[in-house]
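Each residue of the sequence shown is one higher than the one before, counting from 411 in our numbering.
Note that the Cβ used here is the ideal one computed from N, Cα and C, for glycine as well.
Remarks on the structure that follows.
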Amino acid sequence: MQKVAIVTDTTVDLPHEMAEELAIEMAPVHVIIDGKDYRDKIDLTGAEFYRMLPHLNPLPTTTGVMVDDWLEAFEKALQKAESIICLTLPPELSVTYSSAQAARQAMPEADITIIDTRTATAGEALIAIAAGRAAKEGKSKEEVIALVNELIPKVDTLLTCDTIEYLRRGGRLNAPQALIANFLNLRPIIRLRDGALTPVRRTRSRRVSLNAILDLMAQEIGEGEICAAILHALVHDEAEAFKAEIENRFRCREVIILDDLGPVAGTHLGPGAIGVGYYVVSE
């Protein structure tokens with residue numbers, strides 16, 4: 411039995427094999443489509459979601475992870491570890507953090523630590539992977555918590571979308587903004603850091619967007635060595651090519667490609683979204 415097990419939510423989009431290898435339990439976020447409740451990665455795959463999305467009006471709504479889903483994940487984790495570290499989305503982005511707190515209160519005898527990672531998607535995945543590996547190596551709960559808290563301020567995520575249509579339909583852009591952006595063929599580059607999504611640049615082509623992401627990374631990384639995770643929405647070949655570009659440009663300890671971006675972010679970014687989470691490895 412491990413000293414500690416890692417539990418997180420499915421917005422990390424970890425490949426199933428990696429989650430199993432690291433004994434990471436993933437509680438599903440929920441997405442409501444035409445009044446029907448789907449559990450991410452259980453009732454609905456990324457590919458199925460993006461095939462449906464262009465035909466949905468109104469857009470789906472997401473409800474985060476339910477308390478019962480956390481309880482089920484906690485119970486599974488306690489079968490293989492003495493303690494649990496639960497990594498969640500920021501409360502600014504989802505009810506997932508508060509529902510995890512409620513689930514912990516429902517299991518007062520269990521040793522459960524809830525940590526707001528201040529990030530999501532690829533950034534949260536990187537933290538979960540590092541924590542899962544430390545747990546598998548036999549690190550104590552305190553050591554894994556210290557590692558997570560060290561990584562949280564280091565992790566940065568940059569992404570872009572192939573169309574602003576879903577940002578417009580989801581209310582993230584008003585009609586005049588969307589009209590101008592469509593006319594100029596603008597694509598936003600968005601940074602996810604410290605619980606906030608911030609547009610940092612607008613570009614006029616996909617290639618320029620990806621180059622701009624690499625340039626923004628270079629400003630932060632310098633000569634450092636990085637771990638990175640590629641997020642994407644149904645563009646696996648492009649994700650592979652982007653991975654190769656990152657490996658050619660930077661000193662990389664590891665670059666992984668995640669599963670298709672889940673519905674929480676995917677509803678607003680749409681098919682074709684792509685980006686990267688990364689952090690500079692400590693010497």
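Item                                                                                                                       : Value
Where the beta strand (DSSP E) containing Gly474 begins and where it ends                                                  : Thr471 to Val475
In chain order, each alpha helix (DSSP H) run of at least 4 residues that lies wholly inside the segment 517-576           : 531-546 and 551-561
Cut-off 7 Å between Cβ atoms - residues of its own chain near Arg514, not counting five sequence neighbours on either side : Ile522 and Ile524
Straight-line gap, Lys486 to Glu435 (C-alpha atoms, nearest Å)                                                             : 8 Å
Simplified DSSP state of Ala433, which is helix, strand or coil                                                            : coil
Buried versus exposed call for Gly672 [16 or more other C-beta atoms within 10 Å across all chains shown]                  : buried
Alpha-carbon to alpha-carbon, Asp670 and Ala540                                                                            : 20 Å
Per DSSP, the bridge partner or partners of Ile636                                                                         : Cys662 and Val690
Residue nearest to Leu568 in terms of C-alpha spacing, selected from Thr608, Lys546, Asn559 and Arg543                     : Thr608
Buried/exposed call for Leu424, threshold 16 Cβ in 10 Å                                                                    : buried
Member of Arg597, Thr677, Pro500 and Ile537 whose CA lies at the smallest distance from the CA of Tyr460                   : Thr677
Per DSSP, cross-strand counterpart(s) of His642                                                                            : Asp670 and Ile684
Whole-angstrom C-beta distance between Gly685 and Ala532, which should lie under 8 Å                                       : 7 Å
Identity of the residue in Tyr688, Val674 and Ile537 nearest Leu469 by Cα                                                  : Val674
Where Gln412 falls: helix, strand or coil (DSSP)                                                                           : strand
Option in Gln489, Asp478, Arg617 and Gly542 with minimal Cα separation from Leu557                                         : Gly542
Supposed close pair Thr418, Ala538 - CB separation, criterion 8 Å                                                          : 5 Å
Other residues of its chain near Trp480: CB distance less than 7 Å, five sequence neighbours each side excluded            : Ala437, Ser509, Ala510 and Ala513
Cβ pair Ile640, Val690 closer than 8 Å                                                                                     : no
Inter-residue Cα distance where the pair is Ile574 and Ala520                                                              : 44 Å
Burial state of Gly548 (16 or more Cβ within 10 Å)                                                                         : exposed
Three-state class that DSSP yields for Val417 in the structure shown                                                       : strand
Minimum Cβ-Cβ distance from Gly445 to chain B less than 8 Å                                                                : Of the chains in the structure shown, none is chain B; there is only one protein chain.
Within 8 Å, strictly: CB atoms of Arg611 and Ala622                                                                        : yes
Three-way DSSP call (helix, strand, coil) for Asp478 in this model                                                         : helix
Counterpart residues of Pro609 in DSSP-defined beta bridges                                                                : Ile600
Backbone secondary structure at Arg614 - three-state DSSP                                                                  : coil
Distance between beta carbons of Gly687 and Ala638, contact taken as under 8 Å                                             : 7 Å
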